[in-house]
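Residue numbering for the sequence shown follows numbering that gives the first Met the number 0, starting at 0 and increasing by one per position. Working notes for the structure below.
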Amino acid sequence: MKIFITLLATIFAAMLPCKSSGAEITKTNAATSEATVRTDRISCSSLIQSKQSTETAFKAMADIGYKWVDLSCLKWAPHVSVEKLLEDFDAEASRVEALLAANGLRVSNLTFDPVEARAFEQYEREFTALAQLAARLDARLINLMAPSLKSDRDEQVARLRQLQAIAAKHGILLTVETHCFQITERPADALQLCRDVPGLGLTLDPAHYYAGTNQGASFDALLPLTQGTGFRAGGMTWKEIQLPWGEGPIDFVKIVKNLEAVGYRGFYVCEYIERHNEVNAVEQARRFFDWAVRLSIKPMAQ
0 MKIFITLLAT IFAAMLPCKS SGAEITKTNA ATSEATVRTD RISCSSLIQS
50 KQSTETAFKA MADIGYKWVD LSCLKWAPHV SVEKLLEDFD AEASRVEALL
100 AANGLRVSNL TFDPVEARAF EQYEREFTAL AQLAARLDAR LINLMAPSLK
150 SDRDEQVARL RQLQAIAAKH GILLTVETHC FQITERPADA LQLCRDVPGL
200 GLTLDPAHYY AGTNQGASFD ALLPLTQGTG FRAGGMTWKE IQLPWGEGPI
250 DFVKIVKNLE AVGYRGFYVC EYIERHNEVN AVEQARRFFD WAVRLSIKPM
300 AQ
């Protein structure tokens, strides 16, 4: 009988739920929280599938592990069709929303053509629709390709001021990208442009400050004005503007550290472009993601 009672007690004890210690629970919660911090400021440009459909691009990013997308509205890579937004805003917005939801993605920002791409009256209508879409998708900002070097600078400044007012009306930040062959290709000129257009920020693409005329010289003065990023490994010439992640002279860890130090709270965006050269954009986006989740960055809420 004694043996039988002991056996019953053993069986009963085995059936009881196992209790984790407070330390174990805290450790698990901390790990989960850290994983969230590491992904809630990492985004990927849909240009990694610039030649593919919106559905294909979203799936590629989601399969890697991204939760946020830098959504191309560029005329040559229309993962959002601005023409369709103007024709039937709700239909195109709903299409994008459905695809985002199906892939567990949210929009960090939208990327659009330079102001000079079309007659300004038409461009302003398109931009207004994009600002409405950005607000609907709860996106943080709209990034524009900067005006070309051949553009009339005073005219572009005046138009950017108008667009900045539209963006602000919808609660959206406006940036222009640092880029070779555009009026932001030199840090000093990019800085002056932001001074001339109050409220305008920058989307920092460091590769262009190595491959272009800046040739790797300091661009730290731009960090306080940086509201977005576009990261891709690159070299010292235009031919090397897109290298496999981890190659080239750009110290991205240092750039991230310096951005965090000045209070940057935007996204770290992978921006590889499909078929720009022989580099596989999707594979580099995967390598970037694996690198970025190890960054020491503060959560979006802070």
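For every residue, glycine included, the Cβ atom is placed at its ideal position computed from N, Cα and C.
Checklist entry - Just the Cα atoms here: how many angstroms apart are residue 139 and residue 154? => result Sequence index remark: in the sequence shown, residue 139 carries index 140 (1-based). Sequence index remark: in the sequence shown, residue 154 carries index 155 (1-based). When rounded, the distance between both Cα atoms is 26 Å.
Checklist entry - Which residue or residues does DSSP assign as beta-bridge partners of residue 111? => result Walking along the sequence shown from the start, residue 111 turns up at place 112. Residue 111 is bridged to 143.
Next on the checklist: Using 8 Å for Cβ pairs, my map puts residue 268 next to residue 230. What's the rounded Cβ distance?
Outcome noted: Locating residue 268 in the sequence shown gives position 269, counting from the first residue. Locating residue 230 in the sequence shown gives position 231, counting from the first residue. At roughly 6 Å, the Cβ-Cβ gap stays under 8 Å, so residue 268 and residue 230 are in contact.
Next on the checklist: Is the beta carbon of residue 161 closer than 7 Å to that of residue 198?
Outcome noted: Reading the sequence shown from its first residue, position 199 is the one you call residue 198. Reading the sequence shown from its first residue, position 162 is the one you call residue 161. Taking 7 Å as the Cβ cut-off, residue 198 and residue 161 do not qualify as a contacting pair.
Checklist entry - Between which two residues does the alpha helix (DSSP H) carrying residue 351 extend? => result This structure gives no information on residue 351, because the portion of the chain shown stretches from 0 to 301.
Checklist entry - Would you say the segment 169-178 touches the segment 141-152, given that touching needs at least three Cβ pairs under 8 Å? => result yes
Checklist entry - Straight-line CA distance for residue 123 to residue 130? => result Taking the first residue of the sequence shown as 1, we reach residue 123 at position 124. Taking the first residue of the sequence shown as 1, we reach residue 130 at position 131. Computed Cα separation, rounded: 10 Å.
Checklist entry - Is the beta carbon of residue 113 less than 7 Å from the beta carbon of residue 146? => result As a working note, residue 113 is residue 114 in the sequence shown. As a working note, residue 146 is residue 147 in the sequence shown. Their beta carbons are under 7 Å apart, which means residue 113 touches residue 146 by this criterion.
Next on the checklist: Cutting at 8 Å between CB atoms, please list the residues of its own chain near residue 237, excluding the five before and the five after it.
Outcome noted: Translated into the one-based positions of the sequence shown, residue 237 becomes position 238. Same-chain partners within the cutoff: 179, 210, 211.
Checklist entry - Under a Cβ-count criterion, where at least 16 other Cβ atoms within 10 Å of its own Cβ denotes burial, should residue 291 be classed as buried or exposed? => result Stepping through the sequence shown from its first residue, residue 291 is reached at position 292. Classification of residue 291: buried, given that the 10 Å Cβ count is 16 or more.
Checklist entry - In three-state terms, what does DSSP make of residue 35? => result Numbered from its first residue, the sequence shown carries residue 35 at position 36. For residue 35, the predicted model reports a pLDDT of 47, less than 50, meaning its position is unreliable; a value from the coordinates is still stated below. Reduced to three states, the DSSP call for residue 35 is helix.
Next on the checklist: Can you find the residues in the same chain that come closer than 6 Å, C-beta to C-beta, to residue 169, ignoring five residues on each side of it along the sequence?
Outcome noted: Within the sequence shown, numbered from 1, the residue matching residue 169 stands at position 170. Once the five neighbours on either side are set aside, the close Cβ partners of residue 169 are 130, 134.
Checklist entry - For residue 132, which residues from the same chain have a beta carbon less than 6 Å from its beta carbon, with the 5 sequence-adjacent residues on both sides left out? => result Translated into positions along the sequence shown, residue 132 becomes position 133. Here the set comprises 92.
Item to check | Cβ neighbour criterion (16 or more within 10 Å) applied to residue 53 | outcome: As a position in the sequence shown, residue 53 is number 54, starting the count at 1. The residue in question, residue 53, is buried, as its Cβ has 16 or more Cβ neighbours within 10 Å.
Next on the checklist: When you compare the CB positions of residue 81 and residue 125, do they come within less than 7 Å of one another, or not?
Outcome noted: Along the sequence shown, read from residue 1 onward, the residue named residue 81 stands at position 82. Along the sequence shown, read from residue 1 onward, the residue named residue 125 stands at position 126. Going by C-beta atoms, residue 81 is nearer than 7 Å to residue 125.
Next on the checklist: Taking 7 Å as the threshold (C-beta atoms), are residue 200 and residue 172 in contact?
Outcome noted: Within the sequence shown, residue 172 is the residue found at index 173, counting from 1. Within the sequence shown, residue 200 is the residue found at index 201, counting from 1. The answer is yes: Cβ separation under 7 Å.
Item to check | Residues near residue 288 by beta carbon distance below 8 Å, same chain, minus five either side | outcome: For the purposes of this step, residue 288 is identified with residue 289 of the sequence shown, where counting begins at 1. If we look at residue 288 and ignore the five residues flanking it on each side, its Cβ neighbours are 41, 43, 63, 64, 65, 269.
Next on the checklist: For residue 207, count the other beta carbons within 10 Å of its own beta carbon; 16 or more makes it buried, fewer makes it exposed. Which is it?
Outcome noted: Counted from its first residue, the sequence shown places residue 207 at position 208. Buried, by the Cβ-count rule.
Checklist entry - Does the beta-carbon of residue 205 have 16 or more other beta-carbons within 10 angstroms, so that it is buried, or is it exposed? => result Looking up residue 205 in the sequence shown gives position 206. It counts as buried.
Checklist entry - Rounded C-beta distance between residue 61 and residue 108? I'm assuming under 8 Å. => result As a first step, residue 61 must be located in the sequence shown, where it is residue number 62. As a first step, residue 108 must be located in the sequence shown, where it is residue number 109. In fact, because the Cβ distance is near 17 Å, the residues do not count as touching under 8 Å.
Item to check | Selection from 157, 105, 181 that minimises the alpha carbon distance to residue 149 | outcome: Residue 149 sits at position 150 when you count from the first residue of the sequence shown. Nearest C-alpha to residue 149: 181.
Checklist entry - Could you give the uninterrupted runs of the beta strand (DSSP E) lying entirely in the segment 247-291, keeping only those of 3 residues or more? => result 267-269
Next on the checklist: For residue 99 and residue 227, I'd like the C-alpha separation in whole angstroms.
Outcome noted: Looking up residue 99 in the sequence shown gives position 100. Looking up residue 227 in the sequence shown gives position 228. Each residue's Cα considered, the two are about 21 Å apart.
Checklist entry - With 16 as the cutoff for other CB atoms within 10 Å, does residue 55 come out buried or exposed? => result One-based indexing of the sequence shown puts residue 55 at position 56. Exposed, since its Cβ has fewer than 16 Cβ neighbours within 10 Å.
Next on the checklist: If I follow the unbroken beta strand (DSSP E) through residue 317, where does it start and stop?
Outcome noted: Absent from the structure is residue 317, since the part of the chain shown begins at 0 and ends at 301.
Next on the checklist: Rounded to whole angstroms, what is the Cα-Cα separation between residue 73 and residue 50?
Outcome noted: For the purposes of this step, residue 73 is taken as the residue at position 74 of the sequence shown. For the purposes of this step, residue 50 is taken as the residue at position 51 of the sequence shown. Rounded to whole angstroms, residue 73 to residue 50 spans 12 Å at the Cα level.
Checklist entry - So is residue 283 buried or exposed if we call it buried at 16+ other beta carbons inside 10 Å? => result Position 284 of the sequence shown holds residue 283. Buried, because 16 or more other Cβ atoms sit within 10 Å of the Cβ of residue 283.
Next on the checklist: Rounded to whole angstroms, what is the Cα-Cα separation between residue 261 and residue 252?
Outcome noted: For the purposes of this step, residue 261 is identified with residue 262 of the sequence shown, where counting begins at 1. For the purposes of this step, residue 252 is identified with residue 253 of the sequence shown, where counting begins at 1. Cα-Cα distance, rounded: 15 Å.
Next on the checklist: Suppose the cutoff is 7 Å on Cβ atoms and the five residues either side in sequence are ignored; what does the same chain contact list for residue 273 look like?
Outcome noted: Within the sequence shown, numbered from 1, the residue matching residue 273 stands at position 274. So the qualifying residues of the chain are 46, 47, 48, 49, 50, 280.
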